[in-house]
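Heads up: the protein sequence lines correspond to chains A and B, in order.
Under our numbering, the first residue of the first sequence is numbered 598, with each subsequent residue one higher.
Under our numbering, the first residue of the second sequence is numbered 598, with each subsequent residue one higher.
Number of protein chains: 2
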Amino acid sequence: MNNQPSVPTLDDVARSAGVSTATVSRCLNSPERVVEKTRKRVMRAVEELGYTPNFGARVMAAKRTFTIGAIIPTMENAIFARGLQAFQEALHARGYTLLVASSAYQPKIEEEQIKALVARGADGLLLIGQDRDPAVYDYLRARSVPVLSAWVYMAGGDQPTVGFDNRRSMRALAQQVIDFGHRRIGMISGITQGNDRAAERVAGLRDAMHDNGLDADQVPIIETPYEIENGAVAFQSLMDAPSPPSVVMCGNDVLAVGALRGAREMGLSVPEDVSITGFDDIELARIVTPQITTVHVPHREMGRKAAEALIDMVEKRSAGASVELTASLQIRDSLKDLRAKP
Amino acid sequence: MNNQPSVPTLDDVARSAGVSTATVSRCLNSPERVVEKTRKRVMRAVEELGYTPNFGARVMAAKRTFTIGAIIPTMENAIFARGLQAFQEALHARGYTLLVASSAYQPKIEEEQIKALVARGADGLLLIGQDRDPAVYDYLRARSVPVLSAWVYMAGGDQPTVGFDNRRSMRALAQQVIDFGHRRIGMISGITQGNDRAAERVAGLRDAMHDNGLDADQVPIIETPYEIENGAVAFQSLMDAPSPPSVVMCGNDVLAVGALRGAREMGLSVPEDVSITGFDDIELARIVTPQITTVHVPHREMGRKAAEALIDMVEKRSAGASVELTASLQIRDSLKDLRAKP
DNA sequence: GGATTGAATGTAAGCGCTTACACTAAACGT
DNA sequence: ACGTTTAGTGTAAGCGCTTACATTCAATCC
Numbered sequence: 598m599n600n601q602p603s604v605p606t607l608d609d610v611a612r613s614a615g616v617s618t619a620t621v622s623r624c625l626n627s628p629e630r631v632v633e634k635t636r637k638r639v640m641r642a643v644e645e646l647g648y649t650p651n652f653g654a655r656v657m658a659a660k661r662t663f664t665i666g667a668i669i670p671t672m673e674n675a676i677f678a679r680g681l682q683a684f685q686e687a688l689h690a691r692g693y694t695l696l697v698a699s700s701a702y703q704p705k706i707e708e709e710q711i712k713a714l715v716a717r718g719a720d721g722l723l724l725i726g727q728d729r730d731p732a733v734y735d736y737l738r739a740r741s742v743p744v745l746s747a748w749v750y751m752a753g754g755d756q757p758t759v760g761f762d763n764r765r766s767m768r769a770l771a772q773q774v775i776d777f778g779h780r781r782i783g784m785i786s787g788i789t790q791g792n793d794r795a796a797e798r799v800a801g802l803r804d805a806m807h808d809n810g811l812d813a814d815q816v817p818i819i820e821t822p823y824e825i826e827n828g829a830v831a832f833q834s835l836m837d838a839p840s841p842p843s844v845v846m847c848g849n850d851v852l853a854v855g856a857l858r859g860a861r862e863m864g865l866s867v868p869e870d871v872s873i874t875g876f877d878d879i880e881l882a883r884i885v886t887p888q889i890t891t892v893h894v895p896h897r898e899m900g901r902k903a904a905e906a907l908i909d910m911v912e913k914r915s916a917g918a919s920v921e922l923t924a925s926l927q928i929r930d931s932l933k934d935l936r937a938k939p
Numbered sequence: 598m599n600n601q602p603s604v605p606t607l608d609d610v611a612r613s614a615g616v617s618t619a620t621v622s623r624c625l626n627s628p629e630r631v632v633e634k635t636r637k638r639v640m641r642a643v644e645e646l647g648y649t650p651n652f653g654a655r656v657m658a659a660k661r662t663f664t665i666g667a668i669i670p671t672m673e674n675a676i677f678a679r680g681l682q683a684f685q686e687a688l689h690a691r692g693y694t695l696l697v698a699s700s701a702y703q704p705k706i707e708e709e710q711i712k713a714l715v716a717r718g719a720d721g722l723l724l725i726g727q728d729r730d731p732a733v734y735d736y737l738r739a740r741s742v743p744v745l746s747a748w749v750y751m752a753g754g755d756q757p758t759v760g761f762d763n764r765r766s767m768r769a770l771a772q773q774v775i776d777f778g779h780r781r782i783g784m785i786s787g788i789t790q791g792n793d794r795a796a797e798r799v800a801g802l803r804d805a806m807h808d809n810g811l812d813a814d815q816v817p818i819i820e821t822p823y824e825i826e827n828g829a830v831a832f833q834s835l836m837d838a839p840s841p842p843s844v845v846m847c848g849n850d851v852l853a854v855g856a857l858r859g860a861r862e863m864g865l866s867v868p869e870d871v872s873i874t875g876f877d878d879i880e881l882a883r884i885v886t887p888q889i890t891t892v893h894v895p896h897r898e899m900g901r902k903a904a905e906a907l908i909d910m911v912e913k914r915s916a917g918a919s920v921e922l923t924a925s926l927q928i929r930d931s932l933k934d935l936r937a938k939p
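Below, the structure is given as structure tokens:
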């Protein structure tokens with residue numbers, strides 16, 4: 598007796614329905630090409646046997662998987678969660694399955710994951726940001742796997758992008774901060790190495806300083822991985838300086854929340870003693886007290902548009918067009934207007 | 598001229614290295630069985646051609662993928678993030694790749710995702726909770742795909758579990774609440790339908806009421822999806838009752854944070870006017886003010902242990918043993934001790 | 001009524017890989 | 001010196017599916 602629970606194959610279905618494997622395959626993939634009577638018989642056999650197509654075999658024969666892969670730097674905090682959820686929903690609506698992997702912000706791991714996903718037959722890939730080893734893009738091109746970069750917008754590049762201009766957005770926020778009368782500005786940034794979003798945000802702050810005739814080079818900037826605790830530590834070291842900043846601008850909301858905690862631990866109150874700003878406008882920013890002034894990123898819209906663009910690339914084999922979204926300022930309590938009368 | 602960038606295959610490598618495909622395959626899968634000289638030659642050819650094995654073909658021929666699938670209810674909030682991250686790290690260390698999909702708490706979608714992952718050759722599956730259509734387990738058994746349920750611990754069941762006893766944990770928390778002198782208890786729970794964790798937590802509260810001779814049936818319980826906004830709404834409707842509770846126990850931290858916001862909007866201060874408790878001890882719980890009293894779940898340990906157990910099942914084809922972890926109380930500011938002198 | 005057409009179905013050739021088995025030649029034992 | 005072993009490699013049979021092409025047969029046309 599064979600107790601290996603053996604999985605039914607196309608052959609089994611064909612035999613049980615009394616047709617050829619080709620007919621079964623057609624029933625499943627282009628039902629309109631087979632006459633109703635046969636189709637019903639086949640479908641019944643499929644039901645009875647509990648048949649599910651073998652994916653590997655299908656991929657090998659058909660070269661299409663209806664699978665999209667996404668690699669995000671981290672799942673630990675909510676930065677990418679909302680956008681990814683929207684991305685997934687949009688894909689699902691179009692009949693695609695999303696597979697997610699995370700890279701822990703490490704290029705090496707990201708490359709591994711890219712290969713894993715491509716090997717598994719991903720029809721297209723969503724990556725975060727654009728700044729990576731050109732060899733990666735060569736690899737993808739050689740296999741003609743479409744890639745889309747999200748969370749950034751870069752018009753000129755080789756790769757299509759769906760996102761917003763990180764630099765311009767941070768510049769706008771910084772302009773607002775300066776308009777509010779702040780001159781001593783400090784920054785806590787994510788690690789800029791290999792992270793174009795982080796780098797652009799720093800550049801945006803520098804731009805704004807220039808625009809207002811301030812010396813961008815003397816802004817104290819601390820780079821640290823995106824984690825709350827790191828934000829707290831960086832904040833305290835910024836505030837320990839001889840002439841501490843009146844505002845600490847953070848590379849994202851996670852760091853800003855950390856900064857807020859740091860302030861509390863030091864007994865400083867926000868925004869009375871020091872202002873704090875964030876970036877991304879994730880839920881966190883409105884949960885803490887005071888609520889954090891930040892740049893609102895249209896996460897859901899970005900996810901949705903990215904899905905559309907990527908499917909377009911996959912199905913039409915087109916080069917793909919970049920989509921620019923607008924990120925807007927969200928002025929909340931954590932930023933003090935120094936010009937206002939008390 | 599052929600401008601289809603054609604992907605190199607095993608054959609190409611074999612030809613280029615002047616060996617047979619079998620040798621190339623062996624170089625890749627069990628290098629010790631090939632003499633060094635040949636191996637080097639082959640590896641060079643692999644490098645030069647930029648060869649990556651075709652996954653579908655490999656699966657079909659070898660029936661192993663070194664891929665583990667996980668399906669979590671949601672990526673939108675951080676409930677599963679930390680545990681999943683640890684799970685992924687542990688898998689990675691053992692040479693496995695993790696593929697994640699989310700079900701939006703919908704059994705139908707979960708089933709689809711399970712099929713998608715199995716079809717894609719997942720060697721094993723991690724699911725959250727245990728409460729699902731038996732047909733799902735039959736399907737998995739028929740294909741001999743090992744499944745492990747996490748975030749719950751149930752000794753008796755058919756499936757191995759790695760997690761903690763949700764019911765007992767909530768009972769302990771409720772006991773503490775009662776010991777602090779609270780008698781009018783309200784609860785905001787997640788949707789218990791199809792979510793055993795949520796159901797067990799409610800049961801745990803009931804247990805504690807019983808233990809203390811209180812009437813469990815008159816506890817007002819509102820069920821609502823795990824979202825901050827829902828927590829706020831539910832809280833307000835609980836507090837609008839003629840004799841509002843002195844403590845609102847929430848099914849998780851997300852709802853608790855929502856409740857906190859609800860309180861703030863109503864002008865109630867926590868814990869002076871009303872106490873709030875959560876569950877899970879995600880980062881959120883310590884970020885808000887006041888910090889939330891909750892049940893600490895050892896997420897990372899759970900992820901790690903789950904990875905070990907699942908790999909064990911996959912490799913040894915064993916039935917898999919359940920692992921029970923301990924969840925501990927985290928008493929923080931959001932819970933007031935009514936016995937304490939002011 | 002026979003030729004033509006076209007819809008429905010069948011036949012069979014791969015897709016790229018792994019691996020049981022076959023083969024070769026060098027190393028060993030007696 | 002000659003069988004026997006063994007390590008290294010090659011041969012070829014699938015794995016389960018899709019699809020180009022072949023076949024069948026009934027409907028249609030002149």
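Ideal placement from N, C-alpha and C gives every residue a C-beta, glycine not left out.
Given a cut-off of 9 Å, decide if Q833/B and Y864/B are closer than it, judged by their beta-carbon atoms.
Looking at the sequence itself, residue 864/B is Gly, so the reference to Tyr does not match. Not a contact, by the Cβ cut-off of 9 Å.
Cβ-Cβ separation, A678/B to T650/A (assumed contact under 8 Å), whole Å:
Rather than Thr, the amino acid found at residue 650/A in this sequence is Pro. Not a contact, Cβ separation roughly 33 Å.
Decide if the segment 629-644 of chain B is in contact with the segment 634-645 of chain A; the criterion is three or more beta carbon pairs, one per stretch, under 8 Å apart.
no
Whole angstroms are fine: how far does the CA of E709/B sit from the CA of K933/A?
50 Å
Of the choices A918/B, Q756/B, K637/B, whose alpha-carbon is the least far from that of V610/B?
K637/B
For F684/A and A924/A, believed in contact at Cβ under 8 Å, the rounded distance:
Rounded, the Cβ-Cβ distance is 18 Å, inconsistent with contact.
Contact defined as beta carbons within less than 8 Å: I believe T758/A pairs with S919/A. What is the distance between those atoms, to the nearest angstrom?
5 Å
Contacts that E552/A makes with chain B (C-beta to C-beta distance below 8 Å):
Residue 552/A is absent from the model: chain A starts at 598 and stops at 939.
How about A904/B and R691/B: do their beta carbons lie closer than 9 Å?
yes
Below 9 Å between beta carbons: does that hold for M657/A and S699/A?
no
Rounded to whole angstroms, what's the CA-CA distance from T606/B to K712/A? Just pull it up for me.
15 Å
What are the residues of the segment 639-657 of chain B that lie near chain A, defined by any Cβ-Cβ distance shorter than 9 Å?
G647, T649, P650, N651, F652, G653, A654, R655, V656, M657
Enumerated in chain order, which unbroken segments of the beta strand (DSSP E) with a length of 3 residues or greater are wholly contained in the segment 701-773 of chain A?
721-725, 744-747, 758-760
Looking at chain B, is there any beta carbon in it that lies within less than 9 Å of the beta carbon of M598/A?
Any reading at M598/A must be qualified, since the residue scores a pLDDT of 35, below 50, and its modelled position is unreliable; the value itself is stated next. No, because no Cβ of chain B sits closer than 9 Å to the Cβ of M598/A.
Euclidean distance between Cα positions of P868/B and L935/B:
10 Å
Is H689/B near the ligand GDP, in the sense that its beta carbon is under 8 Å from a heavy atom of that ligand?
Absent from the structure shown: the ligand GDP. Ligands present: none.
Apart from the five residues on each side of it in sequence, which residues of its chain come closer than 7 Å, Cβ to Cβ, to V616/B?
T635, V639
Does the Cβ of P839/A have 16 or more other Cβ atoms within 10 Å, making it buried, or fewer, making it exposed?
exposed
When DSSP builds the beta bridges, which residues end up paired with I818/B?
M784/B
Count the other CB atoms, across all protein chains shown, that sit within 10 Å of the CB of I632/B; report buried if there are 16 or more and exposed otherwise.
A small correction: the amino acid at residue 632/B is Val; Ile does not occupy that position in the sequence shown. Exposed, because fewer than 16 other Cβ atoms sit within 10 Å of the Cβ of V632/B.
Could you give the uninterrupted runs of the beta strand (DSSP E) lying entirely in the segment 834-905 of chain A, keeping only those of 3 residues or more?
844-847, 872-874, 891-893
S613/A at chain B interface by Cβ criterion, 9 Å:
no
Measure from the C-beta of D661/A to each C-beta in chain B and report whether the shortest distance is under 9 Å.
The sequence shown places Arg at residue 661/A, rather than the Asp named in the question. So no, R661/A is outside the interface.
When the distance is taken between beta carbons, is Q727/B closer than 9 Å to S746/B?
yes
T664/A to Y702/A span [Cα, whole Å]
23 Å
Scan the segment 821-850 of chain A for residues whose Cβ lies nearer than 7 Å to a Cβ of chain B and list them as they occur along the chain.
I825
Does Q601/B have its Cβ less than 9 Å from a Cβ in chain A?
In this prediction, Q601/B scores a pLDDT of 48, lower than 50, which makes its location untrustworthy; no coordinate-derived value is stated.
Just confirm the distance between the C-beta atoms of G875/A and T886/A, as a whole number of angstroms; I'd bet it's less than 8 Å.
With 8 Å as the limit, G875/A and T886/A do not qualify as a contact, their Cβ atoms being about 14 Å apart.
Taking 9 Å as the CB-CB cut-off, is E880/B touching chain A?
yes
Comparing the C-beta of R858/B with each C-beta of chain A, is any distance below 9 Å?
yes
Which residues of chain A have a Cβ atom closer than 7 Å to the Cβ of Q685/B, listed in chain order?
S699
Would you mind listing the beta strand (DSSP E) stretches within the segment 635-702 of chain A that are 3+ residues and don't spill past its ends, in chain order?
664-669, 694-699
Chain A beta carbons: is any one of them nearer than 9 Å to that of K712/B?
yes
Taking all protein chains shown into account, do 16 or more other C-beta atoms lie within 10 angstroms of the C-beta of G628/A, making it buried, or fewer, making it exposed?
The sequence shown places Pro at residue 628/A, rather than the Gly named in the question. Exposed, because fewer than 16 other Cβ atoms sit within 10 Å of the Cβ of P628/A.
State buried or exposed for Q682/A, treating a residue as buried only when at least 16 other CB atoms are found within 10 Å of its CB.
buried
Could you tell me if N763/A is buried or exposed, where buried requires 16 or more neighbouring beta carbons within 10 angstroms of its beta carbon?
buried
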